[in-house]
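Scroll down for the structure; my scribbles are underneath it.
Residue numbers (the numbering used here): 648 to 964.
Here you go:
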């Protein structure tokens, strides 16, 4: 299995128990009464140019954007049955789209067989490759394609999904911890470019994620906060970032990137405790319910207090 050829796929192998993959396996195992390509979408390749001379197809800059599940199932089936022969065919479509917009539509349409969200359809954007490379420097695995690093048996606690990173960025960069907690999908659908702007510093993404991981680890060690940890953690991350930057106004990506050295080291426990106290007090003030954390009022209260606390220190005018 040459994985590099399948790199442009928006998802990795989803496992033999996946409904679509189970059906492919059953087709392969069945008697060869029906052509394989009648029952399976096969492989879709996008290219910048394609020409046919006799029985030879010449493709320039090929990208296999759909067909990874099919490829894996065929590979695994004949690996398990090395002596089996099969004369059926796989459908391979080579498409030369006229522009990037059509290319994106093709990727979306050809990936509709297995459920996939809008963000995963952007997983082949250059920024996500950059983030993946940057995360590796810090011992983290950025899962652009769902299931990729689990398939490679990487430690689960070191795997960062696109959605998990997006929630951290929404909380710290956009200062919307309420939406990071309650409606990250809606934010990504309407404001994807704000979260994954190609011009954002790649260090900013690492800083957001490593800072949030430290906050989550700290909160998990607080037995008294066990019941509210998932509710308040994005608020605490935002508050810690404000404390470290000494400002309560929304930070720039460069300012958050400057926190990378601090975020990759152990954050002072007194800062984590103080920030948690501020957030928990606001949480209780607004009713101490999950509904409070989903609304804008709790966020406004925290930022107002931070502005008052940080102003005397020279952080604000």
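We treat Cβ as the ideally placed atom computed from N, Cα and C, and that holds for glycine.
Worksheet item: residue 901: which of 703, 746, 819, 851 sits nearest, CA to CA?
Response: Taking the first residue of the chain shown as position 1, residue 901 is located at position 254. The shortest Cα separation from residue 901 among 703, 746, 819, 851 belongs to 851.
Worksheet item: Around the C-beta of residue 868, are 16 or more other C-beta atoms found within 10 angstroms, so that it is buried, or is it exposed?
Response: Locating residue 868 in the chain shown gives position 221, counting from the first residue. Residue 868 should be labelled exposed.
Worksheet item: Quick one, which of 788, 898, 823, 781 has its alpha-carbon nearest residue 808's?
Response: Mapped onto the chain shown, residue 808 falls at position 161. Among 788, 898, 823, 781, the Cα nearest to that of residue 808 belongs to 788.
Worksheet item: Do the segment 812-822 and the segment 742-752 meet, that is, are 3 or more Cβ pairs less than 8 Å apart?
Response: no
Item to complete: Could you tell me which of 721, 952, 705, 794 sits nearest to residue 735, measuring between CA atoms?
Response: Indexing the chain shown from 1 puts residue 735 at position 88. With distances taken between Cα atoms, residue 735 lies closest to 721.
Item to complete: Give every residue of the same chain whose Cβ lies closer than 7 Å to the Cβ of residue 854, excluding the five residues on either side of it in the sequence, and list them in chain order.
Response: For this step, residue 854 is matched to residue 207 along the chain shown. Excluding residues within five positions, the ones whose Cβ falls inside 7 Å are 903, 904, 906, 907, 910.
Fill in: Residues near residue 812 in its chain [Cβ-Cβ closer than 8 Å; skip 5 each side]
Looking up residue 812 in the chain shown gives position 165. Around residue 812: 778, 789, 852, 855, 856.
Worksheet item: So, using beta-carbon positions, are residue 757 and residue 687 closer together than 8 Å?
Response: Locating residue 757 in the chain shown gives position 110, where the first residue counts as 1. Locating residue 687 in the chain shown gives position 40, where the first residue counts as 1. Against a cut-off of 8 Å, the Cβ pair of residue 687 and residue 757 comes out as no contact.
Item to complete: Whole angstroms is fine: what's the gap from residue 953's alpha carbon to residue 718's?
Response: For this step, residue 953 is matched to residue 306 along the chain shown. For this step, residue 718 is matched to residue 71 along the chain shown. Distance between the alpha carbons of residue 953 and residue 718 is about 54 Å.
Worksheet item: For residue 803, which three-state DSSP category applies?
Response: On the chain shown, position 156 is the one that residue 803 refers to. Of the three classes helix, strand and coil, the one that applies to residue 803 here is helix, per DSSP.
Worksheet item: If you run the structure through DSSP and keep just helix, strand and coil, what is residue 865?
Response: Within the chain shown, residue 865 is the residue found at index 218, counting from 1. Correct three-state label for residue 865: helix.
Fill in: Pair within 8 Å by beta-carbon distance, residue 694 and residue 682
Here residue 694 is taken as the residue at index 47 of the chain shown, counted from 1. Here residue 682 is taken as the residue at index 35 of the chain shown, counted from 1. Not in contact: residue 694 and residue 682 (Cβ atoms no closer than 8 Å).
Worksheet item: Who pairs with residue 712 in a beta bridge, going by DSSP?
Response: Taking the first residue of the chain shown as 1, we reach residue 712 at position 65. DSSP lists no partner for residue 712.
Worksheet item: How many angstroms separate the CA atom of residue 755 from the CA atom of residue 917?
Response: On the chain shown, residue 755 is found 108 positions in, with the first residue counted as 1. On the chain shown, residue 917 is found 270 positions in, with the first residue counted as 1. Going by the C-alpha atoms only, they are around 47 Å apart.
Worksheet item: Expressed to the nearest angstrom, what Euclidean distance is found between the alpha-carbon atoms of residue 955 and residue 716?
Response: As a working mapping, residue 955 is identified with position 308 in the chain shown. As a working mapping, residue 716 is identified with position 69 in the chain shown. Near 55 Å, if we compare the C-alpha coordinates of residue 716 and residue 955.
Worksheet item: Since residue 749 is in the alpha helix (DSSP H), which residue starts that stretch and which ends it?
Response: Within the chain shown, numbered from 1, the residue matching residue 749 stands at position 102. It spans 747-757 - the alpha helix (DSSP H) in which residue 749 sits, taken as one unbroken run.
Worksheet item: Of the residues 650, 932, 879, which one's Cα is nearest the Cα of residue 922?
Response: Translated into the one-based positions of the chain shown, residue 922 becomes position 275. Checking every option, the nearest Cα to that of residue 922 belongs to 879.
Fill in: Among 702, 696, 750, 771, nearest to residue 653 - alpha-carbon criterion
Position 6 of the chain shown, counted from the first residue, corresponds to residue 653. Out of 702, 696, 750, 771, 771 has the C-alpha closest to the C-alpha of residue 653.
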